[in-house]
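A.B. asks: To start, I am sharing the structure in question, which I have written as structure tokens.
Residue numbers (the numbering used here): 2 to 496.
Written out as structure tokens, the structure reads:
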């Protein structure tokens, strides 16, 4: 395999120092630089307001708070003849010295004051020279994975162990989707390339595989990885390089870089709580949150807080360790086996509360439950067959036929299809001059994306999950048989 490192922009030491100053506000001498802000000239560390925080790591500028920082493309600033015009001001082309005045004094080459929102940086001569050198190369620097004819995506999928079957399904869906897009001409003239690595069986091997994707393989973004052993580190590892990830992940929703097409567990369980209140008549103090496994404790607390915000009277949290649980209604977080044990303990104690859980966690235990839980058990599903359009069904059936996939694994197939659909929509929007920062902004701007397989998906500046709720499905036993009883409605977002 050819090395991709040679494709990176080769910066001199001065340009590398300028890049650090541009992105992080740090001097090559490690002295803390200062910036002055606003009419009052309030002094703040330059590291708090580096150039990239407003102009973007790609230098194109992004609107924020009503201010639109201009592009820092040196060709636009300095090359060509005649005058420039911006924000109603005319000025001649920039030179090295007039650029330094703009950065340090806040005036353009004609002596016009720049927008007061732009900080004025106190730079040494060496720092200014380094920054100018880097700005002259900024427009040439591309994020990893963006080449003339190729845009490289990556994922982590296990080839062995208990998750190997799921990894096989995700890989087949992604490879099929990439092939379909490439047959249509790719995206903006670039062929998509998918790099798949095995994360191994432990956190150390998974982290090495991720670092290889980002380093040696130089992927632009991640799509639908399956590496739960990285849960605790994923946000940090991706944030350091601003790498977008699109796909369902157990810990998604807490990172600016991670976009999950489907709702998180709290949103799904809140939909169940809404059904408990409106359709089953549970009173504000009649709902209890029960979890099994230490890894569920934080989620359980999050669900309790959200329930409290929605008017439930201080829902209790209880860890399940084999005992029966009191209460008319129980919201459960945990694995299928623990859920089956909870149902058995309740049956042995002669108790028959309503049980609420996410299908993704407990579906494997439902068929083993006794008839007494018929219509006492309600599951949250992000989508149901009623969401599927004729075109969506044709897309799914075609995928299954081409790749020989089992229709019983449709849930995993649909979630992966949705991730690829959202990613491709965002890539089409950002155009050929793609950057990771632009991709994140484009993903934030996606609204009401029709997949033909789910309710409409979309994100937002503070929202990283494509749906904010779930369908509520009642379970009839024996069988089991499933009946949708409350349609998907977005759960109100709390501040």
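Where is the CB? At the ideal position from N, CA and C, for every residue including glycine. Treat the numbers as computed from the prediction; the structure is a model and nothing was measured.
What does DSSP give as the partner residues of residue 237 in its beta bridges?
C.D. replies: BP columns for residue 237 are empty, so no partner.
A.B. asks: For a quick check, are the C-beta atoms of residue 136 and residue 73 less than 8 Å apart?
C.D. replies: Yes, the Cβ-Cβ distance between residue 136 and residue 73 is below 8 Å.
A.B. asks: Under 6 Å Cβ to Cβ from residue 204, same chain only, skipping five residues before and after it: list those, please.
C.D. replies: If we look at residue 204 and ignore the five residues flanking it on each side, its Cβ neighbours are 230.
A.B. asks: Helix or strand or just coil, what does DSSP make of residue 355?
C.D. replies: Note: residue 355 maps to strand in three-state DSSP.
A.B. asks: Look at the Cβ atom of residue 331, then the Cβ atom of residue 356, and state whether they are nearer than 8 Å.
C.D. replies: Going by C-beta atoms, residue 331 is nearer than 8 Å to residue 356.
A.B. asks: From residue 117 to residue 436, what does the alpha carbon distance come to, in whole angstroms?
C.D. replies: Rounded to the nearest angstrom, the two C-alpha atoms are 28 Å apart.
A.B. asks: Quick check: the Cα distance between residue 465 and residue 257, rounded to an integer number of angstroms?
C.D. replies: Cα to Cα, residue 465 sits roughly 7 Å from residue 257.
A.B. asks: Excluding the 5 residues preceding and the 5 following residue 363 in the sequence, name in chain order all residues of the same chain whose CB lies nearer than 6 Å to its CB.
C.D. replies: The answer, listed in chain order, is 337, 340.
A.B. asks: Taking the straight line between their C-alpha atoms, what separation do you get for residue 162 and residue 302?
C.D. replies: Residue 162 and residue 302: Cα-Cα distance of roughly 31 Å.
A.B. asks: Which two residues bound the contiguous beta strand (DSSP E) that contains residue 1?
C.D. replies: Given that the chain is displayed from residue 2 to residue 496, the structure contains no residue 1 and the question cannot be resolved.
A.B. asks: For the stretch 141 to 161 against the stretch 199 to 213, do three or more pairs of beta-carbon atoms, one drawn from each stretch, fall closer than 8 Å, so that the two count as touching?
C.D. replies: Segments in contact, yes.
A.B. asks: Going by CA-CA distance only, name the one from 486, 354, 393 that's closest to residue 377.
C.D. replies: Nearest option by C-alpha distance: 354.
A.B. asks: Since residue 482 is in the beta strand (DSSP E), which residue starts that stretch and which ends it?
C.D. replies: Its beta strand (DSSP E) spans residues 482 to 487.
A.B. asks: Assuming residue 164 and residue 227 form a contact by the criterion Cβ under 8 Å, report the distance between their Cβ atoms to the nearest whole angstrom.
C.D. replies: Correct: roughly 6 Å between the Cβ atoms.
A.B. asks: Mapping the DSSP letters down to three states, classify residue 208 as helix, strand or coil.
C.D. replies: Residue state, collapsed to three classes: helix.
A.B. asks: Grouping DSSP H, G and I as helix and E and B as strand, with all else coil, what is residue 443?
C.D. replies: It is helical.
A.B. asks: Between the Cα of residue 368 and those of 23, 479, 147, 236, spot the shortest distance and give me the residue it belongs to.
C.D. replies: Of the candidates 23, 479, 147, 236, the one whose C-alpha sits nearest the C-alpha of residue 368 is 479.
A.B. asks: What does DSSP give as the partner residues of residue 477 in its beta bridges?
C.D. replies: According to DSSP, residue 477 bridges with 482.
A.B. asks: Can you tell me where the beta strand (DSSP E) with residue 35 in it begins and where it stops?
C.D. replies: Run containing residue 35: 35 to 38, per the beta strand (DSSP E) assignment.
A.B. asks: How would you label residue 126, buried or exposed, when you count the other beta carbons within 10 angstroms and need 16 or more for buried?
C.D. replies: It is exposed - the Cβ of residue 126 has fewer than 16 other Cβ atoms within 10 Å.
A.B. asks: Report yes or no: do the stretch 211 to 224 and the stretch 137 to 149 share at least 3 C-beta pairs separated by less than 8 Å?
C.D. replies: Yes, the stretch 211 to 224 touches the stretch 137 to 149.
A.B. asks: Quick one: what does DSSP say residue 119 is sitting in, helix, strand or coil?
C.D. replies: Looking at residue 119 - three-state DSSP - the assignment turns out to be coil, as it is neither helix nor strand.
A.B. asks: Does residue 158 come out as helix, strand or coil in the three-state DSSP assignment?
C.D. replies: Residue 158 falls in the coil class under three-state DSSP.
A.B. asks: Helix, strand or coil: which one does DSSP assign to residue 136?
C.D. replies: Helix, per DSSP.
A.B. asks: For residue 254, collect the residues of the same chain with a Cβ closer than 6 Å to its Cβ; drop the 5 residues on either side in sequence, then sort them by chain order.
C.D. replies: Unreliable placement is indicated for residue 254, whose pLDDT of 49 sits below 50; no coordinate value is reported for it.
A.B. asks: I need the boundaries of the beta strand (DSSP E) containing residue 471, first residue and last residue.
C.D. replies: Run containing residue 471: none; DSSP gives neither H nor E here.
A.B. asks: Restricting to Cα atoms, I'd like to know which of 56, 59, 53, 454 is closest to residue 397.
C.D. replies: Answer by Cα proximity: 454.
A.B. asks: Measure the alpha-carbon distance for residue 130 versus residue 15 and round it to whole angstroms.
C.D. replies: Straight-line Cα distance between these residues: approximately 8 Å.
A.B. asks: With DSSP run on the structure shown, which of helix, strand or coil describes residue 384?
C.D. replies: Three-state result, residue 384: coil.
A.B. asks: Using only the alpha-carbon positions, how far apart do residue 196 and residue 209 sit?
C.D. replies: Approximately 15 Å between the Cα atoms of the pair.
A.B. asks: Roughly how many angstroms lie between the CA atoms of residue 260 and residue 11, to the nearest whole one?
C.D. replies: Rounded to whole angstroms, residue 260 to residue 11 spans 31 Å at the Cα level.
A.B. asks: DSSP three-state call for residue 149: helix, strand or coil?
C.D. replies: Residue 149: coil per DSSP, three-state reduction.
A.B. asks: Can you list, in chain order, the residues of its chain with a C-beta nearer than 7 Å to that of residue 61? Leave out the 5 residues immediately preceding and following it.
C.D. replies: Hits under 7 Å: 72.
A.B. asks: For residue 336, which three-state DSSP category applies?
C.D. replies: If DSSP states are grouped into helix, strand and coil, residue 336 belongs with coil.
A.B. asks: So, are the CB atoms of residue 474 and residue 380 less than 8 Å apart?
C.D. replies: Against a cut-off of 8 Å, the Cβ pair of residue 380 and residue 474 comes out as a contact.
A.B. asks: Taking only three categories from DSSP, how would you classify residue 453?
C.D. replies: The answer is coil: DSSP assigns residue 453 none of H, G, I, E or B.
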